[in-house]
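Notes follow once the structure below has been shown.
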Amino acid sequence: MVELRPSVWVADADADAAVEVLGDQGQGLMDPEAASWPETDGRAHEAMAALFVAADRLQRDPRRGDLLDEVRVLAPFVAESAAPFGMAVSTWNEIAILSRSIVDDRAVDGEDEVRDRARALRAFLRPYV
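Just so we're aligned: the sequence shown equals residues 1 to 129 in my numbering.
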């Protein structure tokens with residue numbers, strides 16, 4: 001199982017001028033404890049990386065229950081969260097669809113289908129990880 005951890009961006013100590021220009025909005029940039037960046041972005045990138053690794057391994061061994069369990073956990077996260085900054089919503093939605101397709105018991109019929117769907121997810125994620 002992969003542990004998803006949030007990421008926080010903090011301004012460089014030499015960025016005092018930028019913080020002054022930003023005024024109150026910039027105060028959190030100098031204080032890591034006060035930073036309020038959305039946690040979802042970092043978690044989304046970690047989820048993509050974990051899905052890529054799982055898909056890469058599943059295309060070689062589609063019987064790996066541990067990897068299927070990981071996809072079962074990550075697919076709903078992708079489906080329910082917002083697209084990370086800079087990624088088109090349609091791209092994020094496609095990742096959700098491809099992830100769910102691997103573990104959709106109603107649609108998957110055997111190891112060959114798991115392998116094919118994992119290969120499709122891996123190919124789709126490749127440019128993003």
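Ideal Cβ positions, reconstructed from N, Cα and C, are used throughout, including at glycine.
Treat the numbers as computed from the prediction; the structure is a model and nothing was measured.
- Message: I'd like to know whether the C-beta atoms of F77 and D41 end up nearer to each other than 9 angstroms.
- Response: For the purposes of this step, residue 77 is identified with residue 77 of the sequence shown, where counting begins at 1. For the purposes of this step, residue 41 is identified with residue 41 of the sequence shown, where counting begins at 1. No, they are not a contact pair.
- Would you kindly work out how many angstroms separate the C-alpha atoms of L51 and S90, rounded to a whole number? Locating residue 51 in the sequence shown gives position 51, where the first residue counts as 1. Locating residue 90 in the sequence shown gives position 90, where the first residue counts as 1. The alpha-carbon atoms of L51 and S90 are separated by roughly 17 angstroms.
- Query: Between L125 and A49, what straight-line distance do the alpha-carbon atoms span, to the nearest angstrom?
  - Reply: One-based indexing of the sequence shown puts residue 125 at position 125. One-based indexing of the sequence shown puts residue 49 at position 49. Their backbone Cα atoms lie some 8 angstroms apart in a straight line.
- Message: If distances are taken between C-alpha atoms only, which option among A44, I102, L58, A118 comes closest to A131?
- Response: The first residue shown for the chain is 1 and the last is 129, placing residue 131 beyond what the model contains.
- By the 10 Å Cβ neighbour count, where 16 or more other Cβ atoms means buried, how is R63 classified, buried or exposed? Position 63 of the sequence shown, counted from the start, is the residue given in the question as residue 63. With fewer than 16 Cβ atoms within 10 Å of its Cβ, R63 is classed as exposed.
- Excluding sequence positions up to five away, which residues of its chain have a Cβ less than 6 angstroms from the Cβ of A79? Position 79 of the sequence shown, counting from 1, holds the residue named residue 79. Result list for A79: A96, in chain order.
- Item | Which of helix, strand or coil DSSP assigns to D69 | As a working note, residue 69 is residue 69 in the sequence shown. Reduced to three states, the DSSP call for D69 is helix.
- Query: What are the uninterrupted segments assigned as alpha helix (DSSP H) that are 4 or more residues long and contained completely in the segment 45–107, given in chain order?
  - Reply: 65–80, 89–103
- Item | Span separating the alpha-carbon of L98 from that of L74 | Sequence index remark: in the sequence shown, residue 98 carries index 98 (1-based). Sequence index remark: in the sequence shown, residue 74 carries index 74 (1-based). The straight-line gap from Cα to Cα measures roughly 12 angstroms.
- Message: Please state the DSSP three-state secondary structure of D116.
- Response: Position 116 of the sequence shown, counted from the start, is the residue given in the question as residue 116. Looking at D116 - three-state DSSP - the assignment turns out to be helix.
- Query: For G110, does the three-state DSSP call read helix, strand or coil?
  - Reply: By 1-based counting over the sequence shown, the position of residue 110 is 110. DSSP places G110 in coil when its eight states are reduced to three.
- Proximity below 9 angstroms, CB of R119 to CB of V108: The sequence position of residue 119 within the sequence shown is 119, counting from 1. The sequence position of residue 108 within the sequence shown is 108, counting from 1. Not in contact: R119 and V108 (Cβ atoms no closer than 9 angstroms).
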